[in-house]
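Residue numbers (our numbering): 1459 to 1527. Worksheet for the structure shown next.
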């Protein structure tokens, strides 16, 4: 059983997450021929205060961008 794990910043709606799951399942099934019922997808949302790049959280980056304008 294929397992697709999506990690993303928090903030998307339930409807958006449902569409992500649907689209990934459809794409994987189309490319591989695997029955969509056998494809598992998990969406993990990470708070911006817990995800960073270059030593700076995305919350801090967003705050800096807001200060700049």
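Idealized CB from N, CA, C, for every residue including glycine. Bear in mind the structure is a predicted one, so any value in this text is a computation, not a measurement.
key: CA-to-CA distance, residue 1494 to residue 1471, given in whole angstroms   = On the chain shown, residue 1471 is found 13 positions in, with the first residue counted as 1. On the chain shown, residue 1494 is found 36 positions in, with the first residue counted as 1. Their backbone Cα atoms lie some 23 Å apart in a straight line.
inquiry  = I need the boundaries of the alpha helix (DSSP H) containing residue 1489, first residue and last residue.
reply    = The sequence position of residue 1489 within the chain shown is 31, counting from 1. Unbroken alpha helix (DSSP H) run through residue 1489: 1472 to 1490.
query = Is residue 1490 buried or exposed, if buried means 16 or more other CB atoms sit within 10 Å of its CB?
reply = What you label residue 1490 is simply residue 32 of the chain shown in a count that begins at 1. With fewer than 16 other Cβ atoms within 10 Å, it is exposed.
query = Buried or exposed: which applies to residue 1483, given that a residue is buried once 16 or more other Cβ atoms fall within 10 Å of its Cβ?
reply = Taking the chain shown and counting its residues from 1, the one referred to as residue 1483 is at position 25. Buried is the call here.
Residues that DSSP places opposite residue 1498 in a beta bridge = The count along the chain shown starts at 1 and reaches residue 1498 at position 40. According to DSSP, residue 1498 bridges with 1461.
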